[in-house]
Structure formats: C-alpha cells, structure tokens
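S.K.: From first to last, the protein sequence lines stand for chains A and B.
First residue of the first sequence? That's 1 in my numbering, and the numbers climb one at a time after it.
First residue of the second sequence? That's 1001 in my numbering, and the numbers climb one at a time after it.
Glycine included, every Cβ here is placed at the ideal spot set by N, Cα and C.
Number of protein chains: 2
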Amino acid sequence: MDTLSQTFAALADPTRRGIVTRLASGDATVGELAEPFAISGPAISRHLKVLEAAQLIERRIDARWRVCTLKRERLAEAQKWIGEVRQFWESGFDRLEALLQSQDERTNERQRKSESKE
Amino acid sequence: MDTLSQTFAALADPTRRGIVTRLASGDATVGELAEPFAISGPAISRHLKVLEAAQLIERRIDARWRVCTLKRERLAEAQKWIGEVRQFWESGFDRLEALLQSQDERTNERQRKSESKE
DNA sequence: TCTTCATTTAACGTTATGGTTAAATGAGGA
DNA sequence: TCCTCATTTAACCATAACGTTAAATGAAGA
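Here it is as structure tokens:
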C-alpha cells in the first residue's frame, strides 16, 4: 500500500485519531494512551501498530514502558495532498496533468493510447 | 461512522484519490472518471458511491450521463483536523483538553473517574 | 416501439479490519 | 530467583472493503 493510502487509512479510525491528538501534546506510554478508551489492551496495541506502520508514530522502550512519539512527516504530506487538491479546485485552472504528476497518483492506471504509440 | 472517519477512509484509496484529483480540474462523467483506471465499471461505480456517501462529491443527471462534482466542505474539514494536530504539536503547549473538545474526538471514551464522582 | 449506451445493482469470492480472551514476553523489584 | 506489571502475540469471530461478471435500469435516438 502506498504511503498516502496508509496515512489516510490510519486516520480513518476515531480511536487512532484520538491517540494522535493525545500525542500532539507530548509523548505518552501505551497505558496512558489506552486510558481514555473503553477497549482492551490488545486492541490499543494493534492501533499503535497501525500508526507505527503508517509512520505516524514511533515507539521506544523506556524501562518497562513503551513510549510513543508523534512524527511529523506523514501528517504534513497528507495535509499537503488535500491542500493541493483544494487549491487546484479553487483556482479553476486546467492543469490536471501537472497535479497528477505532482501527486504521483497514477496507481492502477490503464495503459494510455498515447503512451503505447510512443 | 463519523464524518471525519468517512472522509479519511474515502481518501485512503488511490483510485478514489485519483478521482478526486481529476474532479479538482472540473466536473466529469462517470465514464470520463473511469477512463484512466484499469478496473471495471461496477468498481468505479462503487468508488463513486463511497465518495458520495462521504460527501466528497455530488452526482447529478445530465441526459444519459451522471456528472460528478467535487465538494469543498469535507476536504476542508480533514485538512483542518490535520492542521490543528500539527499546530498543537509544534506549539509544544499542553492544552490537550481544548484540542480534544475542538475536535470532538471523544468517541468510545471510557467513563472518567472525575466525571463519575461529580 | 425497439435498440443502444452509460451506469448501477445483484451475487459472489477474497482479503483486511477491528474487536475479544488467553497466553507469552520481558524488564524491574522483592 | 521469583513475582509483578506493561505490553504484545496468538487464535478466533464478525463485518466491511474491494474486486469480479452477469443482469437490470433508464434515457436517447432510430
């Protein structure tokens, strides 16, 4: 799965967004992150694994706790993607090809006639 | 499912992001949207249904075509959510409670001790 | 009216997601 | 060493997601 898909998928769950929001105020242990939610430890653990796989957080070991830290990069990329679409939409310009390339959103794209001719 | 979850889930698929990007350059029929992708019509139709359910697009009937339009609101909300988290994270301030409330991210939250005492 | 064409719905299969409980892991403290 | 505690892994279940092909729908044009 591509990075952007992973980022958006990770943010599509309210528990995970809650965790991200909490981490925006500073690092926290798994237990601290779990506290506000009425779900089991293993469920939290899996949510953290999803966030880590999406590179939205990092985990490090501190004595007998795992401390989670929020990472900037993926959030920035996701925000940028939305921003570009919005900006393009507002501008009314017809430079789609440029936007498509800038966003590298050609996954699954069908072989183009123009391309197969060349 | 809450709105934000629906928005992020809709954006978590590369085909749907491709459709959104295409629509940022202007309205398009289902056929036009389907053209770049190597998947079946029904698959596109379902992607459009997801985007419509998430209120990212609208469909209207024009003769024998269904024309799709991008909508602004949900994209703006999603971008805003990410922006708030990032801003909060960068600020280093400890006003988590305010952020939580502003984002209405208390879904699934466990009964708090302080609350049950009051 | 009959046919065509764009799109959707139905039915189906496979894999992913999110939850659970029970057991495993592994560092710290007694 | 042995116990405790924080967290993860394993095994399982239900439901959602995404793809397919075949059939249905419904407006346009002959």
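In the segment 1064 to 1087 of chain B, which residues sit with their C-beta less than 9 Å from some C-beta in chain A, listed in chain order?
M.R.: Leu1070, Arg1072, Leu1075, Ala1076, Ala1078, Gln1079, Trp1081, Ile1082, Gly1083, Glu1084, Val1085, Arg1086 and Gln1087
S.K.: Using a 10 Å radius around the Cβ and a threshold of 16 neighbouring Cβ atoms, would you call B/Ser1025 buried or exposed?
M.R.: With 16 or more other CB atoms across the displayed protein chains lying within 10 angstroms of its CB, B/Ser1025 is buried.
S.K.: For chain A, is any of its Cβ atoms less than 8 Å away from the one on B/Ser1025?
M.R.: yes
S.K.: Mapping DSSP to helix, strand and coil, what is A/Glu35?
M.R.: coil
S.K.: Is B/Arg1072 helix, strand or coil by DSSP?
M.R.: coil
S.K.: Is it true that the CB of B/Val1085 sits closer than 8 Å to the CB of A/Leu51?
M.R.: Not in contact: A/Leu51 and B/Val1085 (Cβ atoms no closer than 8 Å).
S.K.: Using the rule of at least 16 other Cβ atoms within 10 Å of the residue's Cβ for burial, across every protein chain shown, is A/Ala53 buried or exposed?
M.R.: exposed
S.K.: I want to know whether the segment 7 to 17 of chain A touches the segment 33 to 52 of chain A - three or more CB-CB distances under 8 Å.
M.R.: yes
S.K.: Can you grab the Cα-Cα spacing for the pair B/Gln1006 / B/Pro1042, in whole Å?
M.R.: As the crow flies, the alpha-carbon of B/Gln1006 is around 21 Å from that of B/Pro1042.
S.K.: Quick one: is B/Thr1021 buried, meaning 16 or more other Cβ sit within 10 Å of its Cβ, or exposed?
M.R.: buried
S.K.: Who are the Cβ neighbours of B/Gly1031 in its own chain at under 8 Å, not counting the five residues just before and after it?
M.R.: Trp1065
S.K.: Does the Cβ of A/Gln87 have 16 or more other Cβ atoms within 10 Å, making it buried, or fewer, making it exposed?
M.R.: exposed
S.K.: Using a Cβ-Cβ distance under 8 Å, would A/Val20 count as near chain B?
M.R.: yes
S.K.: Note down, in chain order, every chain A residue with its Cβ under 7 Å from the Cβ of B/Ser1005.
M.R.: Ala12, Asp13 and Pro14
S.K.: Only counting the same chain, and skipping five residues up and downstream in sequence, which positions put a Cβ closer than 6 Å to that of A/Ala12?
M.R.: If we look at A/Ala12 and ignore the five residues flanking it on each side, it has no Cβ neighbours.
S.K.: For chain B, find out if any of its Cβ atoms is closer than 8 Å to the Cβ of A/Ala119; answer yes or no.
M.R.: Residue 119 of chain A is absent from the model: chain A starts at 1 and stops at 118.
S.K.: How about B/Ala1078 and A/Ile57: are their beta carbons less than 8 Å apart?
M.R.: no
S.K.: Rounded to a whole number of angstroms, what is the C-alpha to C-alpha distance between A/Arg59 and A/Trp89?
M.R.: 38 Å
S.K.: Look at the alpha carbon of A/Cys68 and the alpha carbon of A/Ile44, and state the distance between them as a whole number of angstroms.
M.R.: Within the model, the alpha-carbon separation for A/Cys68 versus A/Ile44 is close to 12 Å.
S.K.: DSSP three-state label for B/Arg1064, please.
M.R.: coil
S.K.: Report the three-state DSSP secondary structure of A/Ala43 (helix, strand or coil).
M.R.: If DSSP states are grouped into helix, strand and coil, A/Ala43 belongs with the helices.
S.K.: Taking the continuous alpha helix (DSSP H) assigned at B/Gln1006, which residues delimit it?
M.R.: Thr1003 to Leu1011
S.K.: With a Cβ-Cβ cutoff of 8 Å, do A/Gln55 and A/Lys71 count as a contact?
M.R.: Yes, these two residues count as a Cβ contact at 8 Å.
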